[in-house]
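A.B. asks: Below is the structure I would like to discuss, written out as structure tokens.
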Amino acid sequence: MGRARSPAWIDRGSVSVAVMGLTRNLVVLLILAGLFFYLILPGLIEDQLARRLQTAFGAPTKPLVSVSSTFPPAMLLGHIDQVRVTMDRASLQGAVLYNTKADLKGVDVSVPQLLQGDHTVKQRVAR
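Letter by letter, the sequence shown follows residues 7 to 133 in this note's numbering.
This is the structure we're talking about:
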């Protein structure tokens with residue numbers, strides 16, 4: 007009887023090539039996801055916030071919005087470490103505001119609600 011043989015249809019060389027190809031694809035996917043989270047996602051959130059704030063405050067120009075997070079994937083859940091907003095001109099309850107600046111830290115926003123037009127922003131309180 008001797009040694010057990012593997013089935014004829016399994017070629018160990020092709021299996022290792024397939025595993026290497028799968029590993030390469032996984033690494034490329036992780037790099038692309040990292041680039042998305044660190045380079046593209048903050049810009050998308052900044053643009054959405056700027057458009058919503060421009061509409062909400064009746065600003066003639068789009069406000070400058072800067073968001074940052076130590077862990078950018080958390081932005082998808084609405085956890086933003088810092089939001090900076092600068093508006094040249096805004097209208098709040100009938101009062102015109104010039105050179106308005108806001109600097110918020112520890113911000114929680116509901117991303118689905120933000121996309122639906124709800125501008126509710128909560129600030130996390132350190133305990």
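Where is the CB? At the ideal position from N, CA and C, for every residue including glycine.
Fair warning: this is a prediction, and the values are worked out from it, not measured in the lab.
Taking the runs of the beta strand (DSSP E) that are 3 residues or longer, which of them lie wholly in the region 27-101?
C.D. replies: As far as the region 27-101 is concerned, its whole beta strand (DSSP E) runs of at least 3 residues are 70-74 and 85-98.
A.B. asks: Identify which residue in F42, T29 and V34 has its Cα closest to the Cα of M81.
C.D. replies: Ranking F42, T29 and V34 by Cα distance to M81 puts F42 first.
A.B. asks: Ordered along the chain, which non-local residues of its own chain (more than five positions away) have a Cβ less than 6 Å from that of A56?
C.D. replies: Hits under 6 Å: K68, P69 and V71.
A.B. asks: Could you give the distance in angstroms between the alpha-carbon of S22 and the alpha-carbon of L28?
C.D. replies: Each residue's Cα considered, the two are about 10 Å apart.
A.B. asks: What is the rounded straight-line gap between the Cα of A108 and the Cα of D94?
C.D. replies: When rounded, the distance between both Cα atoms is 12 Å.
A.B. asks: Quickly, what does DSSP pair A108 with across the bridge? List them, please.
C.D. replies: According to DSSP, A108 bridges with V91.
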